[in-house]
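Counted the way mature numbering (1 follows the signal peptide of the UniProt record, and there is no 0) counts, the sequence shown spans residues -22 to -1, 1 to 218.
One structure is given here, and the rest of the page talks about it.
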Amino acid sequence: MKPIRITLIALFLLCLFDASFAQSKLAIETKFGTGNTKLDYLGNFNDLVASTTDRFFFSLGLVKSLEKGFSYGFEFEYYRFDLYLTYTPIDPLSNLGGPRFDYFAFGPKVQKDLFVFPKAGLSFSTALHLTNNAQSDYEYSGGELQAIRLPNGQPRIPVEIYGQRSIEELAIHIKPEIGLFYDLTAKSRLTLSAKWGLDLREPSIVIDLNRIEFENQTYQNKYFFSGNYFSTLLGYRYSF
């Protein structure tokens, strides 16, 4: 009976929430931008570097306005980046390679607006998101960096890597955000903000290369992406 009771209470609260939403001023908000996704490193083969590029952030939210500049709602967020392993002694533009990581997040958000001028001001918000990493675990089998060959048949990158990539599929993020806003009209607003993503279940990605073979020597490297990030976002809100 207890699970049924909890489910009924949750459905009742959701109905109250939906009714409250329907009786108030709503807005749709979208944001996009780029950011920083830093990897940490432990190991003894410094010529093999892990880095990220092509970082993109996008969010779409439904917001309810309250009194005194407060608002709350739900937010969907998508962000991605490519993760590369680079053998730095060779031109990195020729030997970068790696998978794309897609993150999907959803959860509630609260915000406070402070008007500094009649149409402009500061906003402070925080969100609690459940986040899914769409990538999967992977086993490195030696030849991932050796796809490009020299004319004599030798690999362009003379490094073989073995190990595994482990993924934390689900995570919980706290996302504080601070921004500037300007009201174009009574119904539309432009925003510019900085957002931090703090992963409560870090690390999100671990690349454990327990065997790196180079010139008859063996090395080990380990790379970590905590799941934390920083992003800068340009946004637009429309009220109806």
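Ideal placement from N, C-alpha and C gives every residue a C-beta, glycine not left out.
Min CB distance residue i to chain C below 8 Å
| i | result |
| --- | --- |
| F208 | Among the protein chains of the structure shown there is no chain C, as only one such chain exists. |
Distance between beta carbons of residue j and residue i, contact taken as under 8 Å
| i | j | result |
| --- | --- | --- |
| R134 | I185 | Going by Cβ atoms, the distance from R134 to I185 rounds to 21 Å, so no, they are not a contact pair. |
| Y201 | A83 | Not a contact, Cβ separation roughly 23 Å. |
| L38 | T8 | 5 Å |
DSSP-derived helix/strand/coil call for residue i
| i | result |
| --- | --- |
| E55 | strand |
| G47 | helix |
| L162 | coil |
| I(-19) | Its pLDDT being 45, under 50, I(-19) is placed unreliably in this model, and the value from its coordinates should be taken loosely. It is helical. |
| P96 | coil |
| N206 | coil |
| L(-7) | Because the pLDDT at L(-7) is just 49, under 50, the model does not fix this residue reliably, and the value given afterwards should be weighed accordingly. Three-state result, L(-7): helix. |
| I185 | strand |
| P86 | strand |
With 16 other Cβ atoms within 10 Å as the buried cut-off, status of residue i
| i | result |
| --- | --- |
| G213 | buried |
| A149 | buried |
| E53 | buried |
| L123 | buried |
| N199 | buried |
| L20 | exposed |
| F79 | buried |
| S119 | exposed |
| T31 | exposed |
Whether residue i touches residue j by CB criterion (8 Å)
| i | j | result |
| --- | --- | --- |
| G85 | L108 | yes |
| R179 | E155 | no |
| L176 | I139 | no |
| K90 | G47 | yes |
| S5 | V41 | Sequence check: residue 5 is Ala here, not Ser. The answer is yes: Cβ separation under 8 Å. |
| Y216 | N14 | no |
Length at least 3, wholly inside the stretch 109 to 160: the beta strand (DSSP E) runs in chain order: Within the stretch 109 to 160, the complete beta strand (DSSP E) segments of 3 residues or longer fall at 116 to 120, 138 to 145, listed in chain order.
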